[in-house]
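In what follows, a single structure is set out as structure tokens and then discussed.
There are 4 protein chains.
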Amino acid sequence: MTAPAFPALTEPAAIEAVIGLARWCGAKGWVPATAGNFSARIDLARAACTATGGDKGAVTEAGVIVLDIAETLDGPGHPRMSAEGPLHLQLYRDDPSIGAVAHAHPLSAVVLSRRHLEAGKIVIEGWEMQKAIRGVTTHEGSIEIPVFANDQDTRALGLRVSQARASWNGPVFGYLIAGHGIYAWGKDAFEARRHLEAYAHLLDLILEEERRA
Amino acid sequence: MTAPAFPALTEPAAIEAVIGLARWCGAKGWVPATAGNFSARIDLARAACTATGGDKGAVTEAGVIVLDIAETLDGPGHPRMSAEGPLHLQLYRDDPSIGAVAHAHPLSAVVLSRRHLEAGKIVIEGWEMQKAIRGVTTHEGSIEIPVFANDQDTRALGLRVSQARASWNGPVFGYLIAGHGIYAWGKDAFEARRHLEAYAHLLDLILEEERRA
Amino acid sequence: MTAPAFPALTEPAAIEAVIGLARWCGAKGWVPATAGNFSARIDLARAACTATGGDKGAVTEAGVIVLDIAETLDGPGHPRMSAEGPLHLQLYRDDPSIGAVAHAHPLSAVVLSRRHLEAGKIVIEGWEMQKAIRGVTTHEGSIEIPVFANDQDTRALGLRVSQARASWNGPVFGYLIAGHGIYAWGKDAFEARRHLEAYAHLLDLILEEERRA
Amino acid sequence: MTAPAFPALTEPAAIEAVIGLARWCGAKGWVPATAGNFSARIDLARAACTATGGDKGAVTEAGVIVLDIAETLDGPGHPRMSAEGPLHLQLYRDDPSIGAVAHAHPLSAVVLSRRHLEAGKIVIEGWEMQKAIRGVTTHEGSIEIPVFANDQDTRALGLRVSQARASWNGPVFGYLIAGHGIYAWGKDAFEARRHLEAYAHLLDLILEEERRA
Chain A
1 MTAPAFPALT EPAAIEAVIG LARWCGAKGW VPATAGNFSA RIDLARAACT ATGGDKGAVT
61 EAGVIVLDIA ETLDGPGHPR MSAEGPLHLQ LYRDDPSIGA VAHAHPLSAV VLSRRHLEAG
121 KIVIEGWEMQ KAIRGVTTHE GSIEIPVFAN DQDTRALGLR VSQARASWNG PVFGYLIAGH
181 GIYAWGKDAF EARRHLEAYA HLLDLILEEE RRA
Chain B
214 MTAPAFPALT EPAAIEAVIG LARWCGAKGW VPATAGNFSA RIDLARAACT ATGGDKGAVT
274 EAGVIVLDIA ETLDGPGHPR MSAEGPLHLQ LYRDDPSIGA VAHAHPLSAV VLSRRHLEAG
334 KIVIEGWEMQ KAIRGVTTHE GSIEIPVFAN DQDTRALGLR VSQARASWNG PVFGYLIAGH
394 GIYAWGKDAF EARRHLEAYA HLLDLILEEE RRA
Chain C
427 MTAPAFPALT EPAAIEAVIG LARWCGAKGW VPATAGNFSA RIDLARAACT ATGGDKGAVT
487 EAGVIVLDIA ETLDGPGHPR MSAEGPLHLQ LYRDDPSIGA VAHAHPLSAV VLSRRHLEAG
547 KIVIEGWEMQ KAIRGVTTHE GSIEIPVFAN DQDTRALGLR VSQARASWNG PVFGYLIAGH
607 GIYAWGKDAF EARRHLEAYA HLLDLILEEE RRA
Chain D
640 MTAPAFPALT EPAAIEAVIG LARWCGAKGW VPATAGNFSA RIDLARAACT ATGGDKGAVT
700 EAGVIVLDIA ETLDGPGHPR MSAEGPLHLQ LYRDDPSIGA VAHAHPLSAV VLSRRHLEAG
760 KIVIEGWEMQ KAIRGVTTHE GSIEIPVFAN DQDTRALGLR VSQARASWNG PVFGYLIAGH
820 GIYAWGKDAF EARRHLEAYA HLLDLILEEE RRA
């Protein structure tokens with residue numbers, strides 16, 4: 001096994017990172033009911049991930065499980081795995097530079113995801129906040145957030161995201177699932193949170209503009 | 214008396230559950246002025262319920278009373294009973310599996326309740342958040358929230374809700390009263406809160422969509 | 427002097443009531459910059475009132491002054507008196523049953539005050555929350571909130587409010603000043619706060635409805 | 640060197656003022672991701688300023704640097720300087736009475752900045768909150784907030800602001816950058832915060848009005 005493209009975390013550090021992401025989103029009001037899922041990679045083979053159910057904004061160590069990426073994606077999965085676990089794990093499998101993934105339900109993301117499903121993406125241009133996305137150095141270009149149809153078969157949905165990667169234009173660190181919410185990721189939990197917050201703010205701006213459209 | 218379909222609570226546990234629900238709604242801004250009422254079943258015959266008046270977001274033990282369901286619904290009622298108490302108690306009488314009831318005033322629920330009174334229900338479809346309602350396993354179907362006209366005679370209103378139960382399609386764990394607010398319930402306070410939060414989020418989404426309608 | 431129609435407060439109790447009202451509004455985001463003013467009556471002749479300037483959401487004892495109602499309204503006024511002090515004092519002079527007054531800038535109140543200035547009032551009907559206003563027992567009637575044009579001469583504005591009292595229909599415990607904010611009052615600070623919160627929620631509902639108008 | 644037109648601050652006091660401003664904006668939700676920058680003047684030649692990157696709502700002493708105004712504007716700049724540092728420093732150079740500058744991203748400011756770029760300014764009239772801007776004594780007049788096109792060359796942008804000063808009408812303590820955010824300043828951090836909060840509230844009001852336009 002070659003050296004990972006990311007700093008490996010100990011299990012406790014990964015669990016702590018997951019809890020931090022989840023509670024931060026809870027304070028934002030982005031994980032109503034039992035919504036949301038959060039994960040952090042431990043190494044190439046494993047990630048810590050919030051288990052199914054429960055209020056993610058109040059999650060504790062008991063609500064985080066360690067998943068083997070291959071066993072979970074290709075086998076039956078962990079008994080406490082969230083239904084959305086495969087979407088996290090597919091991202092870790094596809095891109096070894098990903099260190100953390102956050103999934104949440106900011107209202108603007110949920111509304112716009114459904115409204116723009118047919119277009120298959122939301123194009124964002126002209127906002128300074130785009131620069132919070134890694135690799136973007138100016139407001140002058142555009143960035144895209146892909147939008148996928150929702151699917152209760154999350155392994156199949158994860159593979160559709162995987163197949164779409166080749167066609168993504170420019171930096172993509174998140175996608176929307178129609179009527180569902182947003183996934184955002186980064187090299188670590190700090191970057192995943194920054195990307196999530198930036199996308200959510202950009203979508204808030206677009207939602208406000210569309211109120212007059 | 215046969216064994217109840219729910220875990221019976223001690224009086225102090227039921228009172229604590231009521232306080233927890235009420236304060237959580239207070240923190241959400243859903244119980245302005247003296248709005249809102251919260252209850253938890255003790256056993257088949259009794260429930261703990263917030264008393265009339267006061268800021269429910271700051272309720273203490275002194276603001277929760279124990280009501281006998283039959284005496285209250287069929288008799289004159291407790292002197293400190295909220296005017297809305299009968300709506301809670303009718304739910305407990307009609308469905309022994311109900312363990313807790315929350316009534317609050319999220320803005321989206323109040324606005325939409327009035328706008329959709331004539332239709333008698335709000336049909337919700339295509340949102341992942343529907344899965345937070347017990348028994349719903351996919352976003353693909355639709356769920357309904359019944360809407361009733363407001364009535365200061367809450368015993369009569371409770372009976373109208375009771376009579377409507379037979380016609381409800383699919384899982385219903387809440388209803389709206391036009392221009393007033395939402396009732397949501399569950400097998401215990403955790404589920405009542407989850408249902409309330411899910412309905413409120415779904416109504417937020419619909420309200421946002423209707424801003425462009 | 428006849429017995430007051432309200433329980434007289436000690437100076438420290440009135441000051442504490444003022445601070446409580448002000449900080450509660452601060453937490454709501456209703457007193458941006460140096461907006462807002464809060465007062466509580468001590469007796470027929472005097473009231474404690476927030477002084478001019480400062481962030482009312484962080485006010486302390488040092489930011490509350492005691493004003494003589496007659497001296498202030500008819501004379502030059504206290505050197506630290508807020509420009510809006512006369513609006514509070516005129517209310518105390520006109521109605522001895524008033525024990526506390528809150529003035530704040532909830533967004534819905536500010537926007538609607540200007541939009542409905544020509545009508546001179548906002549008529550509110552069909553909302554359960556109307557029952558939070560003292561004397562209202564059903565959602566079926568309507569209540570009115572008078573709207574006055576803004577005026578930097580607050581003694582003159584206070585007198586216009588005073589003269590309008592005779593024409594008010596039904597229970598009125600608050601009014602709007604166009605492009606400025608809301609005044610709400612009650613027999614004590616608890617009731618003033620309840621009335622303020624109820625009016626603000628009702629105006630939030632109306633603002634949401636008018637987004638589609 | 641003549642005596643400054645402002646009270647000079649010690650370095651620690653200026654750093655503390657910067658942290659206070661930044662965290663206050665963080666609590667408002669106005670600095671998503673790594674957005675926002677905050678500074679306080681130490682003397683005619685130097686200012687404390689938030690460094691590049693990081694969550695400004697959680698900034699500590701380690702995230703604040705001291706910048707020499709002339710060296711930074713005319714030379715290569717501090718290695719940890721924010722890309723937006725020159726916009727702060729140009730303000731200090733142009734106006735020795737400025738003691739603190741806050742840059743943040745309230746949603747209303749970001750949306751309206753882009754919508755009103757062509758006009759080059761937003762004219763605000765008839766709102767009482769205008770009086771929170773220094774020198775404004777009545778709601779009856781109008782105030783203007785200039786709007787500039789965004790530019791990644793912030794030295795050039797700072798100079799365009801500088802050149803525009805001569806044409807400003809009435810009191811101006813802030814400007815917008817299109818699709819980016821707001822700058823606001825004052826004689827000290829208290830006044831900068833008051834101006835920022837007042838502008839943000841005024842823009843919230845205008846945004847609400849434009850939802851019906």
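Protein chains in written order, with the numbering used here: chain A, 1 to 213; chain B, 214 to 426; chain C, 427 to 639; chain D, 640 to 852.
Positions of the beta carbon are idealized from the N, C-alpha and C atoms, including for glycine.
This one's a predicted model, so the numbers in the text were calculated from it and none came from an experiment.
- Contact between ASN576(C) and ILE603(C) holds, since their C-beta atoms are separated by about 5 angstroms, short of 8 angstroms.
- LEU300(B) and GLY267(B) have their C-alpha atoms some 19 angstroms from each other.
- According to the DSSP assignment, GLY714(D) belongs to no alpha helix (DSSP H), since it is labelled neither H nor E.
- Secondary-structure assignment with DSSP links PHE574(C) through a beta bridge to ILE603(C).
- Under the three-state reduction of DSSP output, ASP401(B) falls in the coil class, being neither helix nor strand.
- Secondary-structure assignment with DSSP links LYS482(C) through no beta bridge to anything.
- The C-beta distance from GLY276(B) to THR263(B) rounds to 6 angstroms, short enough to fall under 8 angstroms.
- In the assembly as shown, GLU61(A) is an exposed residue. Its beta-carbon has fewer than 16 other beta-carbons within 10 Å.
- Straight across, the Cα-Cα distance linking LYS28(A) with ALA48(A) is about 22 angstroms.
- The beta carbons of LEU842(D) and SER747(D) sit about 4 angstroms from each other, so the pair counts as a contact at 8 angstroms.
- Interface residue (Cβ-Cβ distance to chain C less than 8 angstroms): PRO245(B) is classified as such.
- Taking C-beta separations shorter than 7 angstroms and ignoring five residues to either side along the sequence, the partners of THR691(D) in its chain run ARG719, MET720, SER721 and ALA722, following chain order.
- Our two residues, ILE232(B) and PRO810(D), have alpha carbons roughly 51 angstroms apart in a direct line.
- With a 10 Å radius around the Cβ and a threshold of 16 neighbouring Cβ atoms, ASN250(B) comes out buried.
- In this structure, LEU304(B) and LEU280(B) do not form a Cβ contact; the two beta carbons are roughly 13 angstroms apart against a cut-off of 8 angstroms.
- For VAL231(B), the enclosing alpha helix (DSSP H) covers residues 224-241.
- Not flagged as an interface residue toward chain D: LEU628(C), since no C-beta distance is shorter than 8 angstroms.
- Note that the C-beta distance between CYS238(B) and ALA313(B) is not below 8 angstroms.
- For the set ALA271(B), ILE311(B), VAL272(B) and ALA246(B), the Cα lying nearest the Cα of ALA258(B) is the one of ILE311(B).
- ALA448(C) is outside the set of residues whose beta carbon lies under 8 angstroms from a beta carbon in chain B.
- Each residue's CA atom was taken as its position, placing VAL485(C) and THR460(C) some 10 angstroms apart.
- Around the C-beta of GLY501(C), fewer than 16 other C-beta atoms lie within 10 Å, and the residue is accordingly described as exposed.
- With distances taken between CA atoms, VAL147(A) lies nearest to GLY181(A) out of GLU210(A), GLY181(A) and GLY186(A).
- Ranking TYR183(A), GLU128(A), ARG155(A) and GLU11(A) by CA distance to the CA of VAL749(D) puts GLU128(A) first.
- Along the stretch 330-356 of chain B, the positions whose C-beta sits under 8 angstroms from a C-beta of chain A are GLY339, TRP340, GLU341, MET342, ALA345, THR350, THR351, HIS352 and GLU353, read in chain order.
- Between LEU751(D) and the set SER39(A), ARG155(A), ARG193(A) and LEU205(A), the nearest pair of CA atoms involves LEU205(A).
- Using a CB distance below 9 angstroms, the part of the stretch 814-830 of chain D facing chain A consists of ILE816, ALA817, GLY818, HIS819 and GLY820, ordered along the chain.
- Taking 8 angstroms as the cut-off between beta carbons, the residues of the stretch 99-110 of chain A near chain B are HIS105, LEU107 and VAL110, in sequence order.
- For LEU112(A), no CB of chain D lies under 8 angstroms from its own CB, so it is not counted at the interface with that chain.
- For GLN516(C), not one C-beta of chain D is nearer than 8 angstroms to its own C-beta.
- In this structure, GLY546(C) is the residue among ARG619(C), GLY546(C) and ALA618(C) with its C-alpha nearest to the C-alpha of TRP594(C).
- Bridge pairing for ALA739(D): ALA679(D) and GLY825(D) [DSSP].
- Residue-level contact by beta carbon holds for GLU634(C) and chain B, with a gap shorter than 8 angstroms.
- Listed in chain order, the non-local C-beta contacts of ARG794(D) below 6 angstroms within the same chain comprise PRO725, local neighbours out to five positions each way being set aside.
- Near chain B, meaning a CB-to-CB distance below 7 angstroms, the residues of the stretch 144-178 of chain A are ASN150 and GLN152.
- Under the Cβ criterion of 8 angstroms, ALA439(C) is not counted among the residues facing chain B.
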